[in-house]
Amino acid sequence: NVIYAENDGMAKGAVAALDEAGITHGVNGKVVVMGFDCNKWALRELLAGNWNYDGQCSPFQASIIESMISTGKVPSKKYINPEKGFDAKTITQADIDTYGLGD
């Protein structure tokens, strides 16, 4: 039993439905929950054990891609920020502070 959501908001909605139905989820639950975006609020759900995983594909790449399209030039390798994935059993508050998006 797995919920793989396309974004953290969808995972949050699915978890609300599970809660309403009395179905357990997260680290010790019946349903594995996987979000995607690494919003800080979602990573806190991992830290609490309510979700199992969350991943990220950086939204900050868009401006670089836009520049490449408009100029036709590909810059030398530029490190924007690491794309990360997190597990509820290993995530720390430092991970949330460093890699989480938003507040």
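This note's numbering runs 437 ahead of the 1-based position in the sequence shown. By construction, the Cβ of each residue, glycine as well, lies at the ideal position given by its N, Cα and C atoms. These numbers were taken from a predicted model, which means no experiment stands behind them.
Determine the direct distance from the alpha carbon of V470 to that of E503, and round the result to whole angstroms.
Cα to Cα, the separation comes out at about 33 Å.
For the beta strand (DSSP E) holding I440, just list the boundary residues, first then last.
Element bounds for I440: V439 to Y441.
Start and end of the alpha helix (DSSP H) containing V452?
Start and end: D445 to A458.
Sorry if obvious, but does the Cβ on A479 come closer than 7 Å to a heavy atom of the ligand ATP?
Within the structure as shown, the ligand ATP is missing, as the structure has no ligands at all.
Less than 8 Å between the CB atoms is what I'm expecting for C475 and L538, so what's the real figure, rounded?
Between L538 and C475 the Cβ distance is about 6 Å, and since that is below 8 Å, they are a contact.
Alpha carbon to alpha carbon, what distance is there between L484 and V464?
When rounded, the distance between both Cα atoms is 10 Å.
Under 8 Å by Cβ, that's how I've got D540 and K449 pegged, so tell me the actual separation to the nearest angstrom.
Rounded, the Cβ-Cβ distance is 15 Å, inconsistent with contact.
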